[in-house]
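Beneath this line is the structure, given in structure tokens, with notes to follow.
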Amino acid sequence: MENKVIDKDEISEEIVNLVIARLETMPSNVSVSIGDTGSFTVEELIKSVKNRDEIGEKIIEIQISYLRSLSKIQEQENDTPNN
Amino acid sequence: MILLITRPRYETPTHYLFHWAEILVMEAKKRGWNVLDLQKEKAKRNEFQSYLNKKSPDIVILNGHGNAMSVMGQDGEIILSTNDGVELLEGKKVFIRACSAGLSLGREAINKGANGFVGYIQPFIFLTDKDSFNKPLEDVLAKPFFECSNQVGLSLIKEKTVEESNTDSLRKYEEKIRELSHSESKNSFLLPFLVWNMSSQVCYTPKTNQ
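This is the structure in structure tokens:
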């Protein structure tokens with residue numbers, strides 16, 4: 060797996076809303092530590108994603124990379140011939 | 004055999020790194036290693052580079068904040084960078100658990116003769132349970148992140164090669180990802196972050212750097 064750089068302009072409102080919806084499923088006791096930028100609550104992450112600031116962009120990148128890795132696995136499974 | 008490890012502790016991320024890295028210290032001691040444990044105020048540039056120079060450790064493990072070019076010790080002091088001390092890593096197996104040090108510092112370590120390097124080319128991310136701050140080793144949200152990354156150090160301490168240690172760690176990631184992907188898992192929201200760290204982990208050796 061590889062973390063692909065995602066162009067900010069490529070990301071539609073729909074994707075941003077999808078990321079927010081995913082973050083909203085996280086419990087409120089969770090804190091996310093992102094290097095030396097700090098530790099963030101779920102609420103703060105959602106705000107950052109909405110504002111499209113540096114942290115928000117990183118969270119979008121992480122979630123999109125994960126969803127892409129899932130779709131790759133699905134493609135590989137579909138390509139595998141049945142024995 | 005000698006292990007040199009840094010464990011700064013001055014805010015939440017380093018508090019977690021400090022405690023989870025203690026598992027590596029304990030394992031090394033259990034196996035009879037001489038452990039040079041530079042914790043808290045001892046995780047400073049002069050002390051670290053002096054030990055690196057004079058004690059000639061077999062394994063060097065750094066925990067802390069970092070960026071492409073450098074790694075920090077206590078209170079954010081730069082203890083190692085591409086233009087300060089990297090040549091002291093010659094002949095050593097190196098694991099840097101810090102953000103992005105795999106981008107330049109890891110490559111430079113190999114160029115300067117390090118035996119191997121494992122690190123990250125993106126920010127190292129982990130989740131915690133705010134209610135578990137005082138018991139970081141019992142924090143079920145942090146556990147997968149630190150168990151997977153700790154595996155690099157544990158395998159190195161078992162005298163495996165840098166490549167084998169990286170492979171063991173990636174296997175641990177796969178195992179945790181499978182567990183969290185189970186439909187009954189309550190913590191599947193950890194998956195994107197765990198996959199992120201796994202994808203960001205790199206392993207360089209003199210062979211791969213050619």
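Same order as they appear, the protein sequences are chains U and B. My numbering puts the first sequence at residues 60 to 142. My numbering puts the second sequence at residues 4 to 213. Ideal placement from N, C-alpha and C gives every residue a C-beta, glycine not left out.
Of the listed residues the options, nearest to residue i (C-alpha basis)
i: U/I70; options: U/E134, U/E116, U/S128; result: U/E116
i: U/V108; options: U/T100, U/I118, U/F99; result: U/I118
i: B/I82; options: B/K47, B/C206, B/I160; result: B/K47
i: B/P209; options: B/A117, B/F148, B/L140; result: B/A117
i: B/K189; options: U/P86, U/N137, U/R111, U/S130; result: U/P86
i: B/R34; options: B/K161, B/L193, B/E25, B/M201; result: B/K161
i: B/K163; options: B/H18, B/I62, B/N56; result: B/I62
i: B/Q77; options: B/P60, B/Q42, B/E25; result: B/Q42
i: B/W36; options: B/M4, B/S59, B/E44; result: B/M4
i: B/F192; options: B/P11, B/V143, B/S168, B/K57; result: B/V143
i: B/T131; options: U/S128, U/N88, U/N110; result: U/N88
i: B/V205; options: B/Y123, B/H185, B/W199; result: B/Y123
i: U/K106; options: U/I79, U/N137, U/L126, U/E72; result: U/I79
i: B/L173; options: B/F51, B/E187, B/G109, B/V121; result: B/V121
Bridge partners - residue i, DSSP secondary structure assignment
i: B/R10; result: B/Q42
i: B/M75; result: B/I81
i: U/N88; result: Looking at the DSSP assignment, U/N88 forms no beta bridge with any residue, so it has no partner.
i: B/F98; result: B/I64, B/V121
CB-CB length for residue i against residue j, believed under 8 Å
i: B/I128; j: U/I114; result: At roughly 11 Å, the Cβ-Cβ gap does not stay under 8 Å, so B/I128 and U/I114 are not in contact.
i: B/G119; j: B/E166; result: 7 Å
i: B/V74; j: B/I99; result: 6 Å
i: B/K179; j: B/E150; result: 7 Å
i: B/Y176; j: B/L197; result: 7 Å
Residues near residue i by beta carbon distance below 8 Å, same chain, minus five either side
i: B/K115; result: V89, E90, L92, E93
i: U/I74; result: I119, I123
i: B/E111; result: T85, V89
i: B/A24; result: I8, R10, I64, N66, R100, N153, G156
i: U/N142; result: Note that U/N142 scores a pLDDT of 46, beneath 50, so its modelled location is shaky; the value from the coordinates is reported in the next line. Taken in chain order, the list of residues that qualify is empty.
i: B/N56; result: L91
Proximal residues to residue i (C-beta, below 7 Å), its chain only, five neighbours per side dropped
i: B/P126; result: C102, S103
i: B/V28; result: I8, V38, D40
i: U/S98; result: S90, V91, S92
i: B/D134; result: none
i: B/T17; result: P11, G67
Sequence-distant residues of the same chain with beta carbon closer than 6 Å to residue i, five excluded per side
i: B/A71; result: S103, L106, S107
i: B/D171; result: Q154, S158
i: B/A31; result: L6, V38, I160
At a CB distance below 7 Å, what residues from the region 84-113 of chain U approach chain B? Give them in sequence order. From the region 84-113 of chain U, only T84, M85, N88, V89, S90, V91, S92, I93, G94, D95, S98 have a Cβ closer than 7 Å to chain B.
What are the residues in the region 118-130 of chain U lying within 7 Å of chain B by C-beta distance? Taking 7 Å as the cut-off between beta carbons, the residues of the region 118-130 of chain U near chain B are I121, Q122, S124, Y125, S128, in sequence order.
Going along the region 92-123 of chain B in order, which residues come within less than 7 Å of chain U, judged by CB to CB distance? Answer set for the region 92-123 of chain B: C102.
Please list the residues of the region 4-32 of chain B that have a C-beta atom closer than 8 Å to any C-beta atom in chain U, keeping them in chain order. Across the region 4-32 of chain B, CB contacts with chain U closer than 8 Å involve T15, P16, Y19, in sequence order along the chain.
At a CB distance below 7 Å, what residues from the region 133-152 of chain B approach chain U? Give them in sequence order. Within the region 133-152 of chain B, the residues whose Cβ lies closer than 7 Å to any Cβ of chain U are, in chain order, K133, D134, L144.
At a CB distance below 8 Å, what residues from the region 196-210 of chain B approach chain U? Give them in sequence order. The residues in question are F196, V198, W199, M201, S202, S203.
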